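Participant: Here's a structure for you.
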Amino acid sequence: MAYWLFKTEPAAFSIDDLMARPNQTEPWDGVRNYQARNFLRDEVAMDDEVLIYHSSCNEVGVAGIATIARAGYPDYSQFDPESAYFDPKSEPDNPRWYRVDVLFKEKFSQILTLKFIKKMPEIEQLPLVKKGHRLSVMPVCEKEWNALVSAARSPRD
DNA sequence: GCCAACGTTGGC
DNA sequence: GCCAACGTTGGC
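Residue 5 is where the first sequence starts when you use the numbering used here, and the numbers rise one by one after that.
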């Protein structure tokens with residue numbers, strides 16, 4: 005069992021959108037970064053747990069938890085010329101981009117803000133807090149996962 | 001909207 | 001294989 009953090013812009017897709025989906029499940033598509041792709045294709049596994057992180061919005065931070073309902077498989081949007089994620093250089097017999105399915109698990113009553121996370125002493129290696137990081141799918145170690153989840157569930161100012 | 005940091009592209 | 005130019009990310 006591994007832990008992850010996935011970023012999303014809530015204006016496009018938020019934890020509330022995931023909660024409202026039929027079966028509360030959604031394909032996590034549109035990831036177009038090779039390092040993130042490698043995680044989705046090779047490492048993210050069924051039943052892994054995922055922090056859903058809201059970026060580029062009013063309240064930047066971790067909004068809730070999802071689990072992996074399906075491990076990596078080709079992201080069909082890369083072959084759809086109508087899609088914003090269309091990639092003309094990707095070949096159907098050798099897909100360049102992968103996605104997973106996520107299942108809603110929990111919405112925190114309060115966003116665990118990036119500002120708060122940066123002040124947590126337990127958070128040392130999470131790529132999120134490194135300067136200039138741009139990774140949209142990243143691993144979270146167990147110690148940091150536990151610290152983040154317990155902070156997110158605790159009342160704070 | 002700004003802009004620093006970063007990843008990707010493509011000419012050589 | 002180098003590296004400048006370009007496009008994107010993402011916090012503020």
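A virtual CB, placed ideally from N, CA and C, is assigned to each residue, including glycine.
Predicted model, so just to flag it, every value in this text is computed and none were measured.
Given 8 Å as the limit, is there contact between the stretch 5-18 and the stretch 138-156, that is, 3 or more CB pairs closer than that?
Facilitator: Because the criterion of three Cβ pairs below 8 Å is met, the stretch 5-18 and the stretch 138-156 touch.
Participant: Can you give the Cα-Cα distance for LEU55 and ASP97, rounded to whole angstroms?
Facilitator: Spanning the two alpha carbons is a distance of roughly 32 Å.
Participant: Restricting to Cα atoms, I'd like to know which of TYR80, ALA70, PRO159 is closest to ASP3.
Facilitator: Limits of the chain in this structure are 5 at one end and 161 at the other, which puts residue 3 out of reach.
Participant: Could you tell me which of PHE17, PRO14, GLN28, ALA16 sits nearest to PHE108, measuring between CA atoms?
Facilitator: Closest by alpha carbon: GLN28.
Participant: Residues bridged to VAL67 by DSSP?
Facilitator: Just to set this straight, residue 67 is Ala in the shown sequence, not Val. DSSP, once it has assigned bridges, lists no residue as partnering ALA67.
Participant: With a threshold of 6 Å on Cβ separation, who are the neighbours of ARG103 within its own chain once the five nearest residues in sequence on each side are excluded?
Facilitator: If we look at ARG103 and ignore the five residues flanking it on each side, its Cβ neighbours are PRO31, TRP32, ASP33, ASP79.
Participant: May I ask you to report which of helix, strand or coil DSSP gives ILE19?
Facilitator: Reduced to three states, the DSSP call for ILE19 is helix.
Participant: Using beta-carbon positions only, say whether PRO26 and ASP20 come within less than 9 Å of one another.
Facilitator: Contact: no.
Participant: Can you tell me where the alpha helix (DSSP H) holding TRP149 begins and where it ends?
Facilitator: Per DSSP, TRP149 belongs to the alpha helix (DSSP H) from 146-157.
Participant: Within the stretch 5-57, note down every full beta strand (DSSP E) run reaching 3 residues or more, in order along the chain.
Facilitator: Within the stretch 5-57, the complete beta strand (DSSP E) runs of at least 3 residues are 7-12, 29-32.
Participant: Compare the C-alpha of VAL153 against each of VAL133, HIS137, GLN114, PRO131 and name the closest.
Facilitator: Looking at the Cα atoms, GLN114 is the closest of the given residues.
Participant: Within 10 angstroms of its Cβ, does GLY76 collect 16 or more other Cβ (buried), or is it exposed?
Facilitator: The residue is buried, with at least 16 neighbouring Cβ atoms inside 10 Å.
Participant: What does a CB cutoff of less than 6 Å around ALA6 pick up in its chain, not counting 5 residues either side in sequence?
Facilitator: The residues are ASP52.
Participant: Between ALA67, SER59, ASP84, which has its C-alpha nearest PRO99's C-alpha?
Facilitator: Of ALA67, SER59, ASP84, the residue nearest in Cα terms is ASP84.
Participant: Which term fits ASP105, buried or exposed, when burial requires 16 or more other beta carbons within 10 angstroms of its beta carbon?
Facilitator: Its Cβ being crowded by 16 or more others within 10 Å, ASP105 is buried.
Participant: I need the straight-line Cα distance from ILE127 to GLN39, nearest angstrom please.
Facilitator: Looking at the two C-alpha atoms, the distance is approximately 21 Å.
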